Structure formats: C-alpha cells, structure tokens
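Data first, discussion second: the structure below is written as structure tokens.
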Amino acid sequence: MLLSGVVSAACTARCAAARPKPRAACHLAAQRPSLKPRQLCLTKSAADEALGLADADPEDARGAIAVGLKFSNAGMYEKAQVYFEKALELPGTGLKRWRDKPPALSTGELTSALYNIACCRSQLGDVENALVAIAGAIEQGYKGPYEFQQMRQDPDLATLREDPRFEGLIGRFERKAPEKSGFLGLF
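The sequence shown: position 154 = 153 (numbering that gives the first Met the number 0), numbered continuously.
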C-alpha cells in the first residue's frame, strides 16, 4: 500500500512538472472522467510523447504502426489514422519475393494496420469506412475466437458496435461450434 502511494505521488508530481499539457490529453480527461490518476498520468505522458513524434517519418510498416499507436493512445485519431494508412504503403517485414521490390507486409502488419484504421475511423464517427477496414482485417486473418472477443470489447470500436451491420459482419466470419452429440461427437 505504501509503494502504490509513492508511485501515485511520483506520477502526480511528474504530471504537474511536465510541459504545458497538450489539448488532446485534456480533452481525453474531460471525455473520460472515470480515469484514475495513474491512468490519466499515462494518457498525458502518451500525448507528450506523441507530440514529440509530429515529424516522424518511419521507413517501414512496423515503424508507421508504432507511431500510429502512440498517436492513438494520446487520443489523436486523425494523425494516427494517417500513419496506419501509411503502413499499408511502406515496405513490410514479410517475404522479399523480388530483388527490385521491397519486402511484403507480414500478415500481422496488415491486420494490425487495418484493425487500427477501423478503431480510428470508429472514434472519428466514420462508421462506413470503419466497417470496410474491419472487414479487411478479418479477411486478412484477424478472425480467431480471441480476436472476435477483442472486437466486441474494444472501447475504440464502441461507435462501430452500435451499428447493426457490425454483428452481421462478425457473424458471417465467426465459426460456430458444431453441435456434438453422443460420445466425442461421433454419433
């Protein structure tokens, strides 16, 4: 208990001594009054870090996704979306099939970029394009049981979940467990 008080005090002191707070962090704090002081400190820290990356120019998809995640964590969804879309155009860390062409995007990079584009568009209220992006992520391999659970619980997709087409899309790709009867489902 003593240690958590020290961490909380250190976090509060760090936040108080920081540079002028970016607008995004203050806006996020106003939107989510339920944030605990530690979470709020981390959010402001993410906003400060994202502002330091304003001129970042990643060389590959992995770097663009990392920068996009920093902007997304800071609540700067428009800038984050730019970097996630840029990740789709940059060379990836996947297979290099031809000498004169850059390596392809790996499946993880492709699904991560598309899923995060859907999150950003959902946060910005663009439900149509968010559905297109989430459908692309699912078609590219983001479709295990954990992934569907993630989509149903991710707070960034809250606006998207309100649309009835979202559950229809998930239902189309989600595997239903076959009904088993008898011993091991054999009879």
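Quick reminder that beta carbons are idealized off the backbone N, C-alpha and C, glycines included.
Just so we're clear, the structure is a prediction, and the values are computed from it rather than from any experiment.
Here the region 90 to 103 makes no contact with the region 127 to 144; the two share fewer than three CB pairs at distances below 8 angstroms.
Distances from the CA of residue 68 to each of 92, 95, 113, 93 were compared; the closest alpha carbon is that of 113. In this model, residue 117 and residue 74 are separated by some 14 angstroms (Cα to Cα).
In chain order, 136, 139, 140, 141 place their CB closer than 8 angstroms to the CB of residue 110, counting only its own chain and leaving out the 5 sequence neighbours on each side. Annotation: the continuous alpha helix (DSSP H) that includes residue 113 extends over 106 to 122. With contacts defined as CB atoms closer than 8 angstroms, residue 86 and residue 63 qualify as a contacting pair. Separation of residue 66 and residue 82 (C-alpha to C-alpha, rounded to the nearest whole angstrom) is 7 angstroms. The three-state secondary structure of residue 103, taken from DSSP, is coil.
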